[in-house]
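Each remark here refers to the structure printed beneath this line.
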Amino acid sequence: MRPPTRKDPCRPHRRALRLALFIAAAVPMTGCGVEDPAPLAGANVLLITVDTLGAKHLGAWGAPDGPSPRIDRLAAEGVRFETSRSTAPWTQPSVASIFTSRMPSRHGVTNLLDSLPGREQTLAEHLTAAGYSSHAVISHFLIGSEFGFDAGFDGGFDASSVAGHDGITSKNVTDRAIEVLEAKGDAPLFLFVHYFDPHFLYQHHEAYDRTSSYAGNLTPGMPMWQLRDIRSRLTRPDLAYLIGLYHEEIAYTDHEIGRLLDRLDELGLAETTLVVLTADHGEEFMEHGWLGHTKNLFDDLVHVPLIVRYPGRISPAVVQRPVSSLDITPTILELVLGHRIAQDPTRPFEGLSLRRTLLAGEEPPARPIYAEVSFDAPTGDAERVAEKRAFLSCVVRGNHKLIHDRERDTFALYRLDRDPAEQRDIWPKHPAVAEELEALLRAFEATHTPDPDSHGNGASEEELERLRALGYLR
Ligand SMILES: [Zn+2]
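Taking my numbering, the leading residue of the sequence shown gets 3, the next gets one more, and so forth.
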């Protein structure tokens with residue numbers, strides 16, 4: 003974090019924010035837009051992200067026979083945002099956006115092995131500066147300390163659950179997170195927990211069996227590159243099998259999230275803890291000719307769950323109007339620190355605070371919601387690198403979504419209320435809408451340009467080997 007300058011009195015340097023935490027609830031402040039008392043002053047914050055958890059796969063989002071009873075229950079106990087979108091279709095840029103409220107091209111984490119720059123202020127840095135004890139328990143090496151994601155987690159950054167794509171880690175994640183809850187001291191706690199298991203490779207979980215009746219040739223734990231090689235020959239039962247395995251992974255992770263929430267309750271912390279659950283992105287199962295993630299901006303990938311619970315103060319509700327993962331950090335900070343942070347012009351947040359939506363039931367403001375991807379495998383044979391390449395941006399406004407392939411300069415327009423699966427490109431038929439959205443997207447792109455050097459080119463052999471082991475490279 004850069005030191006504050008005299009010309010920048012609103013910069014959240016540690017002493018000022020620590021002071022603010024303890025007086026904001028009682029003493030109105032003036033100037034710098036920090037006059038509001040904190041509605042949930044001193045509340046603990048539990049931020050759970052589940053890797054690769056598309057909203058459409060959850061019962062709370064309407065999936066028949068959904069695999070996530072505990073997440074669904076959490077959704078019923080809190081505010082469920084029907085349409086929240088991640089800023090990117092893969093882990094690193096998306097989690098960095100959750101942490102910073104900045105689009106990937108702004109925070110700079112746009113490609114494999116990019117690091118979160120020290121200039122970016124993260125949610126953990128803000129909360130730690132305000133007196134929180136900030137801890138993380140992660141299970142994905144791409145959001146590890148090697149890439150700067152530990153910034154601000156002064157209380158502890160537990161990466162002991164990180165494993166390869168074939169690992170099963172949610173139990174360990176919950177065990178480590180429970181240790182943090184049990185060791186909580188007097189300071190308010192910020193705990194970030196990242197579960198990984200729904201991410202490929204898709205493993206079988208006997209206790210949540212949805213696949214034992216399958217009679218085809220696929221097996222649990224097949225490498226993603228192998229599945230992609232045969233993707234055009236996958237039958238309907240094959241795809242149902244892969245989705246079944248994926249749902250088993252969600253069910254297993256859901257059980258472990260339930261165990262964490264139960265312990266929060268047993269420790270008497272549920273009433274004083276703001277719980278936020280979301281995902282970094284979803285997953286594709288050939289809805290648009292591809293498997294996995296990173297390559298597209300369809301809602302299979304960018305429509306993610308978002309749930310916020312705080313018993314007694316936040317009434318259960320469902321919010322229909324679209325929001326963004328960019329909103330998570332300003333919302334949490336406004337709820338627990340009381341600053342009008344989203345309105346503070348000295349802050350670089352691109353998201354909005356949803357505080358009034360959560361506390362007063364107001365609709366979030368209508369606005370365009372964006373996502374972007376600039377993904378390139380750092381090495382490999384040319385054909386496979388080209389196959390995985392993605393340089394896209396999209397905007398959602400009202401019922402319309404426009405996706406721009408920036409490499410080919412082509413557009414596709416979808417009407418989401420009539421065609422939520424984005425199967426019918428109506429771009430040629432609706433030139434007026436297409437033109438308006440194209441103007442919006444061009445303006446967005448003019449101010450959101452990924453660093454062209456950000457392509458993991460500086461990766462060491464050790465890092466490349468790790469990516470191979472994880473299944474990102476062959
Ligand atoms: Zn991910």
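Where is the CB? At the ideal position from N, CA and C, for every residue including glycine.
C-alpha distance - residue i paired with residue j, whole-angstrom precision
i, j, result
"Tyr416", "Ser395", "14 Å"
"Glu286", "Asp302", "6 Å"
"Asp1", "Leu115", "Outside the modelled stretch of the chain, which goes from 3 to 476, sits residue 1, for which no answer is possible."
"Thr280", "Arg82", "10 Å"
"Arg235", "Gly223", "18 Å"
"Leu299", "Ala373", "7 Å"
"Leu125", "Leu244", "35 Å"
"Leu328", "Glu352", "6 Å"
"Leu263", "His432", "47 Å"
"Arg265", "Ile180", "7 Å"
"Val182", "Ala131", "19 Å"
"Gly64", "Arg323", "17 Å"
"Leu76", "Ala272", "12 Å"
"Ser147", "Ala153", "8 Å"
"Thr274", "Thr176", "20 Å"
"Ala78", "Arg468", "40 Å"
"Ala57", "Asp407", "24 Å"
"Glu385", "Ala189", "53 Å"
"Gly507", "Thr93", "It is not possible to answer for residue 507, since the shown part of the chain is limited to 3 through 476."
"Val387", "Trp292", "15 Å"
"Pro225", "Asn219", "14 Å"
"Leu276", "Asp421", "35 Å"
"Ala445", "Met105", "14 Å"
"Gln205", "Ile170", "8 Å"
"Ala423", "Arg238", "17 Å"
DSSP state of residue i mapped onto helix, strand, coil
i, result
"Leu466", "helix"
"Thr451", "coil"
"Ala272", "helix"
"Lys403", "strand"
"Leu76", "helix"
"Gly158", "strand"
"Val164", "coil"
"Asn174", "helix"
"Tyr197", "strand"
"Gly56", "coil"
"Tyr243", "helix"
"Val111", "coil"
"Phe377", "strand"
"His137", "strand"
"Arg82", "strand"
"Leu495", "Nothing in the structure corresponds to residue 495, since the chain is present only between 3 and 476."
"Ile482", "Missing from the structure shown is residue 482; the chain here goes from 3 to 476 and no further."
"Phe287", "strand"
"Leu144", "helix"
"Leu125", "helix"
"Arg369", "coil"
"Leu42", "coil"
"Gly546", "This structure cannot settle anything about residue 546, because the visible part of the chain is limited to 3 through 476."
"Tyr416", "strand"
"Met31", "Here Met31 scores only 36 on pLDDT, less than 50, and its place in the model is too uncertain to base an answer on."
Buried or exposed by the 16-neighbour rule on C-beta atoms within 10 Å, applied to residue i
i, result
"Asn401", "exposed"
"Ala45", "buried"
"Glu437", "exposed"
"Thr255", "buried"
"Ser484", "The shown model of the chain, from 3 to 476, leaves out residue 484, and the question about it has no answer."
"Ile232", "exposed"
"Arg426", "exposed"
"Leu269", "exposed"
"Asn113", "buried"
"Asp282", "buried"
"Pro69", "buried"
Proximity of residue i and residue j at Cβ, strictly below 7 Å
i, j, result
"His59", "Ser141", "no"
"Arg203", "Asp240", "What sits at residue 203 in the sequence shown is Leu, not Arg. In this structure, Asp240 does not lie closer than 7 Å to Leu203 by Cβ."
"Val325", "Ser103", "no"
"Thr412", "Ser107", "no"
"Asp53", "Phe143", "no"
"Pro497", "Thr296", "No answer is possible for residue 497: the residues shown for the chain start at 3 and end at 476."
"Leu49", "Ser135", "no"
"Val47", "Ile334", "yes"
"Ala253", "Tyr210", "yes"
"Val278", "Val310", "yes"
"Leu442", "Pro366", "no"
"Ala185", "Phe159", "no"
"Leu361", "Pro71", "no"
"Ser117", "Phe149", "yes"
beta-carbon residue i near ligand 3 non-hydrogen atom, thresh 6 Å
i, result
"Thr51", "Ligand 3 is absent from the structure shown, which contains only ligand 1."
Short CB-CB distance (under 7 Å) between residue i and chain C
i, result
"Asp264", "The displayed structure is made up of one protein chain only, and chain C is not part of it."
(message) So within the stretch 307-363, which uninterrupted beta strand (DSSP E) runs reach at least 3 residues, ignoring any that extend past its ends?
(response) 308-311, 319-321
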